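S.K.: Please read through the structure below; I'll follow up with questions.
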Amino acid sequence: MFLLHRKPYYVWLGRRIGLTKLQTASVFRLQRSFVEHYWGSTPPKSARDVLIEEFVFGCIEAVLEGEVIEDIYHKVQSGFYRQRTVKDIEGDLDRKLMMISDEAEARLQGLSMKCLQKLTDARQRLSKQKKEVING
């Protein structure tokens, strides 16, 4: 299975939306040395497309939710939930998504107004670019 949500990919997303290295580390809760190491890296096109799509749809929270969903899906595929029902899996997913919602809110509250403005501007810019590509 090809994973679309990996920590190095978040460094690329931070760079793509115009965040500084320090802001990227803060937004995605990464070590600065980790951000420094992966700053010039580029993820596969499929991962880039998914991350941009999620970011445009719901900012940082949607990206983190995508990671949770992918993690649950990977666990199902590898047999972790073999002895559990679909209802159990849905319960785990709901619980983790609620935690992500709270975590994303806490992350955004700790950011400066300048960083929040960069996130907003990037969402608008990427949304506009996406519409231009669709409309040709």
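Numbering-wise, this note's numbering puts 135 at position 129 of the sequence shown, and it's gapless, one number per residue. Ideal placement from N, C-alpha and C gives every residue a C-beta, glycine not left out. Here the structure is a predicted model, which is why all the values come from computation and not from measurement.
1) Helix, strand or coil for Leu57? Go by DSSP, reduced to three states.
2) In whole angstroms, what is the alpha-carbon distance linking Lys81 and Ala31?
3) Is the region 62–81 in contact with the region 124–137, if contact means three or more CB pairs nearer than 8 Å?
4) Using the C-alpha atoms, what's the distance from Gln123 back to Gly20?
5) Please report the distance separating the alpha-carbon of Met7 from that of Asp55.
6) Does the count of Cβ pairs from the region 39–48 and the region 110–122 closer than 8 Å reach three?
7) Can you give me the C-alpha to C-alpha distance between Glu111 and Thr91, rounded to a whole angstrom?
8) Once the 5 residues before and after Gln29 are set aside, which same chain residues still bring their CB inside 6 Å of it?
9) Check the C-beta distance from Leu103 over to Glu71 and give it rounded, since I have them as a contact under 8 Å.
10) Please say whether Ile78 and Leu99 have beta carbons closer to each other than 7 Å?
11) Can you give the Cα-Cα distance for Leu10 and Arg35, rounded to whole angstroms?
12) Using 7 Å as the threshold, is the C-beta distance between Ile58 and Leu132 below it?
M.R.: Working from what's here:
1) helix
2) 27 Å
3) yes
4) 14 Å
5) At Met7 the pLDDT is 47, less than 50, meaning the model places this residue with poor confidence; the figure from the coordinates comes in the next sentence. Their backbone Cα atoms lie some 17 Å apart in a straight line.
6) no
7) 31 Å
8) Cys121
9) 6 Å
10) yes
11) 18 Å
12) yes
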